[in-house]
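Undergrad: Once you've had a glance at the structure underneath, I'll fire off some questions.
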Amino acid sequence: MRAMRRDKVLRFVTVAFAIGAFIGLISGLAFGGAPGLSTPNAAADTTDITDEASDSTGGSEESLVASGPMTADKARAIGANEMGQVLVLMYHHFADEESEWTRTPENFRRDIATLKAEGFYPVNVRDLASGNIDIPAGKSPVVLTFDDSSPGQYRILEDETLDPDCAVGIMRAAADEGDWTSRASFYCLLDVVPKERVVFGQDDRKQEKLRNLVDWGYEVGSHTVTHLNLSEASQAEATKQLAQSQQILEDYIGGGYEVTSIAIPFGEYPDSDTLLTGGTYQDVSYAYTAALSVNGVPCPSPFSTKFKALHIPRIRGSEPFLSNALKHFKDNPSLRYISDGDPTTVSAPADLADALGEISDSLGRPVVRY
Ligand SMILES: [Zn+2]
278 MRAMRRDKVL
288 RFVTVAFAIG
298 AFIGLISGLA
308 FGGAPGLSTP
318 NAAADTTDIT
328 DEASDSTGGS
338 EESLVASGPM
348 TADKARAIGA
358 NEMGQVLVLM
368 YHHFADEESE
378 WTRTPENFRR
388 DIATLKAEGF
398 YPVNVRDLAS
408 GNIDIPAGKS
418 PVVLTFDDSS
428 PGQYRILEDE
438 TLDPDCAVGI
448 MRAAADEGDW
458 TSRASFYCLL
468 DVVPKERVVF
478 GQDDRKQEKL
488 RNLVDWGYEV
498 GSHTVTHLNL
508 SEASQAEATK
518 QLAQSQQILE
528 DYIGGGYEVT
538 SIAIPFGEYP
548 DSDTLLTGGT
558 YQDVSYAYTA
568 ALSVNGVPCP
578 SPFSTKFKAL
588 HIPRIRGSEP
598 FLSNALKHFK
608 DNPSLRYISD
618 GDPTTVSAPA
628 DLADALGEIS
638 DSLGRPVVRY
């Protein structure tokens with residue numbers, strides 16, 4: 278809803294701007310658009326308005342620079358590098374005591390504050406895999422992923438409110454406070470012991486929770502039905518669980534929602550990736566276009582020849598892993614993904630570090646080099 282409202286505001290600004298420019302032309306007055314729109318702040322607010330505004334001739338200098346198609350000069354001014362590496366974080370459980378696979382609410386809250394302060398902005402796995410990285414110019418994407426649908430990830434309290442100390446509660450608060458938005462990807466189990474890891478526990482709430490997540494902007498993905506080890510399972514069992522987990526989640530969520538990504542249990546892949554990309558079990562067909570592994574390195578840009586959508590590496594969302602990753606980006610700024618603010622183009626310096634690979638044309642976006 279937040280995004281839609283913003284789009285409407287931008288549309289209004291665009292239209293108001295165009296009308297202002299038109300009146301300016303007609304009357305021969307160079308007043309440059311509607312009152313108040315030529316301030317630097319307003320110009321900053323219009324960075325992603327449509328070409329309509331840039332085609333108008335009555336705008337202020339700032340507005341014209343800030344809007345319209347991406348150019349090498351703009352990309353350079355932003356310092357955009359959409360060939361840079363992406364931080365993908367992996368979380369499991371949330372409880373009051375920190376341990377290998379458990380983050381405390383306090384530490385998770387601090388992780389998000391740190392990521393905000395370091396210029397990161399969240400996106401979903403789906404959007405990483407498709408290259409639809411729609412974040413403000415100058416920001417770096419971070420993908421927060423949650424495995425095992427444990428209760429501390431999403432809990433509804435007895436008074437019907439969202440637990441402010443569960444992961445979703447903490448992320449919703451972070452979005453409300455600004456400079457952040459509701460994006461993260463949740464990999465849910467459907468039949469597992471302990472039972473409390475079946476879709477976040479609270480059995481009578483599972484459908485409501487999944488729908489809320491999707492409504493708020495988060496992504497729901499598969500983690501198989503039972504946390505199946507896909508490297509050891511028979512092809513028949515693997516096919517069954519890949520189909521059923523996708524279908525059951527999609528049925529719970531409804532509204533035509535499509536589950537497109539999977540977190541591979543234990544990071545143990547099947548012999549062939551083709552098992553993930555598609556199959557059929559008893560008339561139920563499935564397809565996954567993105568899969569998450571657990572090896573702790575930064576993820577190549579989706580626009581790089583090094584990117585493998587079915588082998589997206591993740592870094593553990595705990596210490597020292599998170600600090601090490603942030604230090605990696607600080608020590609190697611040329612390796613960091615920095616958005617140009619325009620999800621329809623890929624901007625990158627002409628001189629790229631070898632480690633980033635070559636620009637791939639597989640996602641079909643125009644490239645701006647500077
Ligand atoms: Zn797991």
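In my numbering, the protein residues as written are 278 to 647.
Think of the CB as a built atom: it goes at the ideal place given N, C-alpha and C, for glycine as much as any other residue.
Out of 591, 592 and 577, which one is the CA nearest neighbour of residue 585?
TA: For residue 585, the closest alpha carbon among the candidates 591, 592 and 577 is that of 577.
Undergrad: Using 8 Å as the threshold, is the C-beta distance between residue 632 and residue 612 below it?
TA: yes
Undergrad: Could you check if residue 471 belongs to the surroundings of ligand 1, using beta carbon to heavy atom distance under 7 Å?
TA: no
Undergrad: Return the CA-CA distance between residue 297 and residue 345, expressed in angstroms with no decimal places.
TA: Note that residue 297 has pLDDT 39, beneath the 50 cutoff, so the model's placement of it is unreliable and the number below is only indicative. Approximately 17 Å between the Cα atoms of the pair.
Undergrad: Are there three or more Cβ pairs, one per stretch, closer than 8 Å when the stretch 515-523 is compared with the stretch 472-481?
TA: no
Undergrad: In the DSSP assignment, the beta strand (DSSP E) including residue 423 goes from what residue to what residue?
TA: 417-424
Undergrad: What does residue 379 pair with, by DSSP beta-bridge criteria?
TA: 370 and 376
Undergrad: Just jot down, in chain order, the residues whose CB lies closer than 6 Å to any heavy atom of ligand 1.
TA: 424, 425, 500, 504 and 542
Undergrad: Could you round the C-beta distance between residue 615 and residue 361 to whole angstroms and report it? I think they count as a contact, below 8 Å.
TA: 6 Å
Undergrad: Can you give the Cα-Cα distance for residue 583 and residue 490, rounded to whole angstroms?
TA: 31 Å
Undergrad: If we count Cβ pairs, one from each stretch, closer than 8 Å, do we get three or more for the stretch 497-504 versus the stretch 464-475?
TA: The answer is yes - the stretch 464-475 touches the stretch 497-504, with three or more Cβ pairs under 8 Å.
Undergrad: Quick one: grab the DSSP three-state call for residue 412.
TA: coil
Undergrad: Using C-beta distances below 6 Å, list every residue in its chain close to residue 303, excluding the 5 sequence neighbours before and after it, in chain order.
TA: Its pLDDT being 38, under 50, residue 303 is placed unreliably in this model, and the value from its coordinates should be taken loosely. Excluding positions up to five away in sequence, the list is empty.
Undergrad: Pull up the CB-CB distance for residue 368 and residue 421, whole angstroms please, since I reckon it's below 8 Å.
TA: Sure, about 7 Å apart at Cβ, within 8 Å.
Undergrad: Run through DSSP, which three-state label would residue 362 get?
TA: strand
Undergrad: How big is the Cα-Cα spacing for residue 639 and residue 579?
TA: Spanning the two alpha carbons is a distance of roughly 9 Å.
Undergrad: State yes or no: is the C-beta of residue 346 nearer than 7 Å to some heavy atom of ligand 2?
TA: Of the ligands this structure carries, namely ligand 1, none is ligand 2.
Undergrad: Can you round the beta-carbon distance between residue 568 and residue 552 to whole angstroms, since I take them to be within the 8 Å contact cut?
TA: In this structure residue 568 is not in contact with residue 552, their Cβ atoms being roughly 10 Å apart against a cut-off of 8 Å.
Undergrad: When you compare only the Cα positions, how much space is there between residue 328 and residue 348?
TA: Note on residue 328: pLDDT 37, under 50, position unreliable in the model; no value is reported.
Undergrad: Kindly list the residues whose CB is nearer than 7 Å to the CB of residue 375, restricted to its own chain and excluding five residues on each side of it in sequence; keep chain order.
TA: 381 and 384
Undergrad: Ignore the nearest five residues each way along the sequence and tell me which others in residue 527's own chain have a CB closer than 7 Å to its CB.
TA: 534, 535 and 536
Undergrad: On the three-state DSSP scale, how would you describe residue 478?
TA: coil
Undergrad: On the DSSP letters alone, give me the boundaries of the alpha helix (DSSP H) that residue 433 sits inside.
TA: Premise fails: residue 433 is in no alpha helix (DSSP H) and is neither H nor E.
Undergrad: Do the stretch 433-449 and the stretch 595-607 touch if we need at least three Cβ pairs shorter than 8 Å?
TA: Not touching, per the Cβ criterion.
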